[in-house]
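One line per chain: the protein sequences are A and B, in this order. According to the numbering used here, the stretch in the first sequence is residues 1 to 147, in order. According to the numbering used here, the stretch in the second sequence is residues 1 to 147, in order. Since the structure comes first, as structure tokens, the remarks are kept for the end.
There are 2 protein chains.
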Amino acid sequence: LYFRFEDDHPMDFTLHSRLAADCFLIGDFALCRVLLNNDARFPWCILVPRLAHLRDFHDVPAANRATLFDEIEWVSVALQRIGRADKMNVAALGNMVPQLHIHIIARRTNDAAWPAPVWSAGAGTPYDDPQPLIAQLKAHLDLDRSS
Amino acid sequence: LYFRFEDDHPMDFTLHSRLAADCFLIGDFALCRVLLNNDARFPWCILVPRLAHLRDFHDVPAANRATLFDEIEWVSVALQRIGRADKMNVAALGNMVPQLHIHIIARRTNDAAWPAPVWSAGAGTPYDDPQPLIAQLKAHLDLDRSS
């Protein structure tokens with residue numbers, strides 16, 4: 001039996017090249033790919049729903065919204081604990097990269113941009129070694145259960 | 001029969017004084033108060049869930065998340081049409097105002113901050129007369145149905 005997917009499906013998903021270049025892969029949830037942004041100034045994950053053709057936040061289909069909210073919560077709670085954050089910032093901007101992606105950033109009142117948004121603080125600082133944070137995130141998140 | 005609300009309820013909600021000072025009231029959805037930010041550079045609404053004690057995006061109770069997503073969509077679609085936007089920006093930051101509020105901003109590729117986030121573009125420009133935009137928003141949104 002030959003089987004075709006007629007609608008959007010994770011198999012149609014390709015991560016945008018700029019996100020792939022700027023981030024480290026943490027793993028996949030049921031809906032989103034979880035990335036670590038390569039900026040050592042802020043513990044900063046990016047969630048990318050693995051569906052084709054999403055651009056704005058409200059493009060997320062109704063059937064996927066509860067899952068997206070859960071995955072935002074899981075990453076927020078993990079980053080808040082790992083980063084001992086005073087505040088979490090969540091944003092879907094996408095002015096540079098048209099593929100829908102959601103920034104989740106652990107903020108501290110003594111960080112490099114506080115109280116401004118992180119985008120006001122100039123260029124990022126690449127990690128010397130992201131592996132300890134990647135390992136912490138993998139330990140806190142229940143990733144890749146289906147793979 | 002005397003009746004008390006034991007849990008969070010819209011009756012406990014008070015809009016933060018800074019949001020009240022910086023914004024115009026558009027109306028109330030079932031969950032959120034809808035505000036227009038007083039910055040004429042960008043068509044920019046702010047949604048404030050009318051529940052007490054919310055701070056981070058993931059603090060929104062599971063029972064309210066679908067409604068919040070709907071209300072974000074309705075405001076996004078309205079602002080996109082009214083502002084002929086090229087991209088919508090959605091963000092819950094809250095570094096200055098601790099009450100959870102969600103920015104929904106219509107961006108154009110020729111606006112005062114593009115492609116940077118709006119917070120990178122300096123101080124806002126108050127409206128000379130916000131009433132035409134307030135009237136357009138009220139015409140596009142199905143507000144205050146229960147009041």
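Note that beta-carbon positions come from the ideal geometry of N, C-alpha and C, so glycine has one too. Please read all numbers here as calculations on a predicted model, not as lab measurements.
{"query": "I need the DSSP call for P43/B, collapsed to helix, strand or coil.", "result": "coil"}
{"query": "Considering only residues of the same chain and omitting the five flanking positions on each side of T67/A, which have a CB-CB separation below 7 angstroms?", "result": "A30, L31"}
{"query": "If the cut-off is 7 angstroms on Cβ atoms, which residues from the segment 35-64 of chain A count as contacting chain B, listed in chain order?", "result": "D56, F57, H58"}
{"query": "If I'm right that L137/A touches I82/A with Cβ under 8 angstroms, what's the distance once you round it to whole angstroms?", "result": "7 angstroms"}
{"query": "How many whole angstroms separate the CB atoms of H101/A and L19/A, which I take to be in contact at a CB cut-off of 8 angstroms?", "result": "6 angstroms"}
{"query": "Alpha carbon to alpha carbon, how far is A135/B from A52/B?", "result": "29 angstroms"}
{"query": "Please confirm if I72/A has its CB atom under 8 angstroms from at least one CB of chain B.", "result": "yes"}
{"query": "Sort R33/A, I26/A, G27/A by Cα distance to H16/A and report the nearest one.", "result": "R33/A"}
{"query": "Is S76/A close to chain B, meaning its C-beta is less than 8 angstroms from at least one C-beta of that chain?", "result": "yes"}
{"query": "What does A66/A touch in chain B if you count any residue whose Cβ is under 9 angstroms from its own?", "result": "A62, R65, A66, F69"}
{"query": "Alpha carbon to alpha carbon, what distance is there between F13/A and N89/A?", "result": "26 angstroms"}
{"query": "Quick one: which chain A residues come within Cβ less than 7 angstroms of P117/B?", "result": "L93, P117, W119"}
{"query": "Just to make sure I have the definition right: I need the residues of chain B whose C-beta is within less than 9 angstroms of the C-beta of K87/A. Which are they?", "result": "R55, D56, L93, G94, N95, P98"}
{"query": "With DSSP collapsed to three states, give me the class of P98/A.", "result": "coil"}
{"query": "Does R107/A come within less than 8 angstroms of chain B when only Cβ atoms are used?", "result": "yes"}
{"query": "So what does DSSP say about N89/A, is it helix, strand or coil?", "result": "strand"}
{"query": "Could you give the C-beta distance for A40/A and T125/A, rounded to a whole number, given that I count them as a contact under 8 angstroms?", "result": "5 angstroms"}
{"query": "Less than 8 angstroms between the C-beta atoms of R65/B and D86/B, yes or no?", "result": "no"}
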